[in-house]
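Participant: When you number the sequence shown by my numbering, it's gap-free, plus one each residue, and the end is 222. Take this structure first; my questions come after.
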Amino acid sequence: MEAALCEAAPVNNPVSSPTQPLSATISEAIERLRSLSQVSVQDGWRYFDGDLPVDEALQSDNWQHWSLGAVNARDHHPWIKGRQVRWFSRVIQVPTDLNGYPLAGLCLRLGLLWWSEETQVYVNGQLVQEGDLFDCAPRLLLSESVQPGDEFAIALRLVSPIHDDGALMKSVCHYEAFSPDASLEPAFIANELAVLQSYLERIEPKKLEIL
Numbered sequence: 012m013e014a015a016l017c018e019a020a021p022v023n024n025p026v027s028s029p030t031q032p033l034s035a036t037i038s039e040a041i042e043r044l045r046s047l048s049q050v051s052v053q054d055g056w057r058y059f060d061g062d063l064p065v066d067e068a069l070q071s072d073n074w075q076h077w078s079l080g081a082v083n084a085r086d087h088h089p090w091i092k093g094r095q096v097r098w099f100s101r102v103i104q105v106p107t108d109l110n111g112y113p114l115a116g117l118c119l120r121l122g123l124l125w126w127s128e129e130t131q132v133y134v135n136g137q138l139v140q141e142g143d144l145f146d147c148a149p150r151l152l153l154s155e156s157v158q159p160g161d162e163f164a165i166a167l168r169l170v171s172p173i174h175d176d177g178a179l180m181k182s183v184c185h186y187e188a189f190s191p192d193a194s195l196e197p198a199f200i201a202n203e204l205a206v207l208q209s210y211l212e213r214i215e216p217k218k219l220e221i222l
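Written out as structure tokens, the structure is:
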């Protein structure tokens with residue numbers, strides 16, 4: 012796995028140019044690492060405005076007749092306030108790799124963020140999560156070990172707050188090692204670098220060069 016990581020994200024000399032501060036170079040490296048195991052799936056959601064019987068809403072054959080969602084300037088899927096129900100649906104298919112980093116054998120978690128006073132999340136027809144305005148950012152385990160081509164049918168039932176528009180604000184696939192004993196992975200390295208970068212920028216900016 013380390014060899015695949017090195018091939019997918021070659022290490023460059025972290026020397027900044029006058030037009031590219033060192034901190035920006037580090038941030039680019041962090042984002043590059045994250046892109047090897049995380050991917051937004053905000054595009055591609057379909058939606059149905061109004062409530063439906065659960066059995067009907069979970070029929071994936073019907074989803075093609077739902078409207079195709081479009082994100083706004085904030086990358087959100089909004090809908091009107093007033094406790095209005097909106098169903099979202101999509102099928103997530105596991106690719107062979109992300110930017111050259113192989114995904115076979117990794118676990119898959121779906122990270123969601125919503126602004127909804129009542130939420131139910133269904134995976135392959137099963138209710139797996141409920142939430143509200145406060146319990147609004149789950150990371151759902153879809154598989155402990157994926158293979159390219161695996162598919163997961165996702166349906167969300169969300170209810171907008173009475174005084175605010177509702178929104179599906181984020182949906183991200185995270186491919187990670189399931190075992191804590193597994194080798195280091197891109198997202199872990201990126202998160203550790205981000206913490207260290209933030210600390211050095213605030214406390215000891217002259218030491219950013221060590222990154």
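Positions of the beta carbon are idealized from the N, C-alpha and C atoms, including for glycine. For clarity, every value in this text was computed on a predicted model and none was experimentally measured.
State the start and end residues of the unbroken alpha helix (DSSP H) segment that holds A68.
Facilitator: Start at 1 with the first residue of the sequence shown, and residue 68 comes out as number 57. Counting along the chain, the alpha helix (DSSP H) containing A68 begins and ends at V65 to A68.
Participant: Along the beta strand (DSSP E) that carries V183, what are the first and last residues, could you check?
Facilitator: As a working mapping, residue 183 is identified with position 172 in the sequence shown. Its beta strand (DSSP E) spans residues G177 to E187.
Participant: Looking at L169 and S127, is the spacing between their C-beta atoms short of 8 Å?
Facilitator: For the purposes of this step, residue 127 is taken as the residue at position 116 of the sequence shown. For the purposes of this step, residue 169 is taken as the residue at position 158 of the sequence shown. Result yes, Cβ atoms of S127 and L169 sit closer than 8 Å.
Participant: Can you tell which of D143, W125, C147 and Y133 has its C-alpha closest to the C-alpha of D66?
Facilitator: Here residue 66 corresponds to residue number 55 of the sequence shown, with the count starting at 1. It is Y133.
Participant: Is DSSP giving L117 helix, strand or coil here?
Facilitator: As a first step, residue 117 must be located in the sequence shown, where it is residue number 106. Here L117 sits in coil by DSSP.
Participant: Using DSSP with H/G/I as helix, E/B as strand and the rest coil, what is Q95?
Facilitator: As a first step, residue 95 must be located in the sequence shown, where it is residue number 84. Three-state result, Q95: coil.
Participant: Less than 8 Å separating the beta-carbons of L151 and R120?
Facilitator: Within the sequence shown, the letter at position 140 stands for residue 151. Within the sequence shown, the letter at position 109 stands for residue 120. For L151 and R120, yes; Cβs fall inside 8 Å.
Participant: Would you decide whether H88 is buried or exposed? Buried here means 16 or more other CB atoms lie within 10 Å of its CB.
Facilitator: Translated into the one-based positions of the sequence shown, residue 88 becomes position 77. When all chains shown are included, H88 counts as buried.
Participant: I want to see whether chain B comes within less than 8 Å of L124, judged by CB atoms only; does it?
Facilitator: The structure shown contains no chain B; it is built from a single protein chain.
Participant: Look up F199 in the DSSP assignment and give the residues it is bridged to.
Facilitator: One-based indexing of the sequence shown puts residue 199 at position 188. According to DSSP, which records beta bridges pairwise, F199 is partnered with nothing at all.
Participant: Report the residue from E162, W90, P159 and E141 whose alpha carbon sits nearest the alpha carbon of D176.
Facilitator: Here the question's residue 176 lines up with position 165 in the sequence shown. The option with the nearest alpha carbon to D176 is W90.
Participant: From the DSSP output, in three-state form, read off S71 for me.
Facilitator: If you number the sequence shown from 1, residue 71 lands on position 60. Of the three classes helix, strand and coil, the one that applies to S71 here is helix, per DSSP.
Participant: Helix, strand or coil: how does DSSP classify S38 here?
Facilitator: Counting from 1 along the sequence shown, the entry for residue 38 is found at position 27. Helix, per DSSP.
Participant: Using a threshold of 8 Å, state whether the C-beta atoms of S6 and V52 are closer than that.
Facilitator: Beyond the ends of the chain as shown, which are 12 and 222, falls residue 6; an answer cannot be given.
Participant: Identify, in the order they occur along the chain, each residue of the same chain with its Cβ nearer than 8 Å to the Cβ of G160, setting aside the five sequence neighbours on each side.
Facilitator: Position 149 of the sequence shown, counted from the start, is the residue given in the question as residue 160. If we look at G160 and ignore the five residues flanking it on each side, its Cβ neighbours are Q104 and V105.
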